[in-house]
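Residue numbers (the numbering used here): 435 to 608.
In what follows, a structure is listed as structure tokens, so that the remarks can point back to it.
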Amino acid sequence: MNEPFLGMIGMFGFDFAPRNWASCNGQIIALRSNTALFALLGTTYGGDGVNTFALPNLAGRAPVGATGQGPGLSNYIMGQQAGVPNISLTFQHLPAHNHTINAFTDAGNTENPAGANPANTGKLDKEYRSSGTMVKMQPGMVGAVGSNTPFSIQQPFLVVNYCIALTGIFPARS
């Protein structure tokens, strides 16, 4: 491989950082022995900026490929982290909607609920009706469901080793 740019991130199909590279796992490194890399990264990914700075942490994360905002897209800044691997859906996550239950005001005319709705029943009336005047029933008839148990929202993935070049050609701005 030709000499990489200093600070270049590469994906490797093996589980170690090659010579002159470091794993992108958020580790804190000494500024004094990596001044050129610090000049590029600063404290974007962490560190105190006096003695230390951090490498990017791509462990369990998907990289976003651009800083800034495209038309109709969110604004992203270098080093920004967001998202969670699990979430519990609540009613606030659901779009506004309702679950109405319809019933007939007329007396029931069948005992079979298939293709029928609840009907006005008397002591000996049938319980369902297949046609007639409908009304909405009490919304409380349909109870809340769900257990608030977190579930995974992680996209399908393939594990690779992200590493950053600790030495190389200092990239010039165009």
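Even glycine gets a Cβ: it sits at the ideal position worked out from N, Cα and C.
Distance between beta carbons of residue j and residue i, contact taken as under 8 Å
i	j	result
ALA599	LEU440	6 Å
GLY542	GLU561	5 Å
ALA537	PRO547	That belief does not hold up - the Cβ atoms of ALA537 and PRO547 are roughly 12 Å apart, past 8 Å.
ALA596	LEU475	Checking the displayed sequence, the identity of residue 596 turns out to be Tyr instead of Ala. Not really, about 14 Å apart at Cβ, beyond 8 Å.
SER522	ASN454	Incorrect: roughly 44 Å between the Cβ atoms, too far for contact.
MET445	VAL594	5 Å
THR544	SER564	6 Å
Contact check, residue i vs residue j, beta carbons under 9 Å
i	j	result
GLN588	ASN520	yes
VAL498	THR539	no
ASN468	PHE487	yes
THR619	MET512	Coverage of the chain is limited to positions 435 through 608, which leaves residue 619 absent and any answer about it impossible.
PRO452	ILE603	no
GLY494	GLY480	no
ILE463	ALA456	yes
LEU471	GLY483	no
GLY500	TYR510	Checking the sequence shown, residue 500 turns out to be Ala, not Gly. Contact flag set, yes.
Three-way DSSP call (helix, strand, coil) for residue i in this model
i	result
THR486	strand
PHE450	coil
MET442	coil
ILE603	strand
ALA456	strand
VAL569	strand
PRO584	coil
ASN436	coil
GLY552	The amino acid at residue 552 is misidentified as Gly; the sequence shows Pro. In the structure shown, PRO552 sits in a strand (DSSP, three-state: E or B).
Checklist entry - For the segment 527-534 against the segment 510-518, are there 3 or more C-beta pairs whose distance is under 8 Å? => result no
Next on the checklist: To test your reading of the DSSP string, which unbroken beta strand (DSSP E) runs of 3 or more residues are found completely within the segment 464-548?
Outcome noted: 486-488, 536-538
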